[in-house]
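A.B. asks:
Residue numbers (the numbering used here): 19 to 139.
#1: Would you call residue 26 buried or exposed, if buried means 16 or more other Cβ atoms sit within 10 Å of its Cβ?
#2: Where DSSP assigns a beta bridge to residue 100, which residues make up the other side?
#3: Terminal residues of the continuous alpha helix (DSSP H) containing residue 8?
#4: Residue 23 and residue 81 look like a contact to me (Cβ under 8 Å); what is the Cβ gap, rounded to whole Å?
#5: Measure the CB-CB distance between residue 55 and residue 29 and report whether it falls below 8 Å.
#6: Using only CA atoms, which one of 72, 31 and 100 lies nearest to residue 9?
#7: Using a Cβ-Cβ cutoff of less than 7 Å, which residues in the same chain neighbour residue 35 once the five nearest sequence positions on both sides are dropped?
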């Protein structure tokens, strides 16, 4: 089980009630939709928000299928349930701060483009 699987499972375990796969994808990619932001704050999972902004949807759903096939999770009525305890300590150790750091790359690249384009003139 790699870190992407652990990330998915850490989010599944972190919410107090089952979630739909599309909701988890929204959280993982950091889309700031009202329900996702509210639920992330209520579950105190701000640190895990948006850690995989470039994750492709087909890869995410392939991983979900793999986790179901392995027996780590179960899909019932379109919602995800955990079936067995799997270590997710890599993400539970804290310090990720995904919600607060999410826009940093955009700021960096906007500044570097401004900087580099003005120096060429």
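Yeah, the Cβ is synthetic: ideal placement off N, Cα and C, and Gly gets one too.
C.D. replies: In brief:
#1: What you label residue 26 is simply residue 8 of the chain shown in a count that begins at 1. When all chains shown are included, residue 26 counts as buried.
#2: As a working note, residue 100 is residue 82 in the chain shown. Beta-bridge pairing links residue 100 to 91.
#3: This structure leaves residue 8 out entirely; the chain is present only between 19 and 139.
#4: Locating residue 23 in the chain shown gives position 5, where the first residue counts as 1. Locating residue 81 in the chain shown gives position 63, where the first residue counts as 1. Contact holds; Cβ gap of about 6 Å.
#5: Position 37 of the chain shown, counted from the first residue, corresponds to residue 55. Position 11 of the chain shown, counted from the first residue, corresponds to residue 29. No, these two residues do not count as a Cβ contact at 8 Å.
#6: A question about residue 9 goes unanswered here, because the residues of the chain that appear run from 19 up to 139.
#7: Translated into positions along the chain shown, residue 35 becomes position 17. Within the same chain, residue 35 has no close Cβ partners at all.
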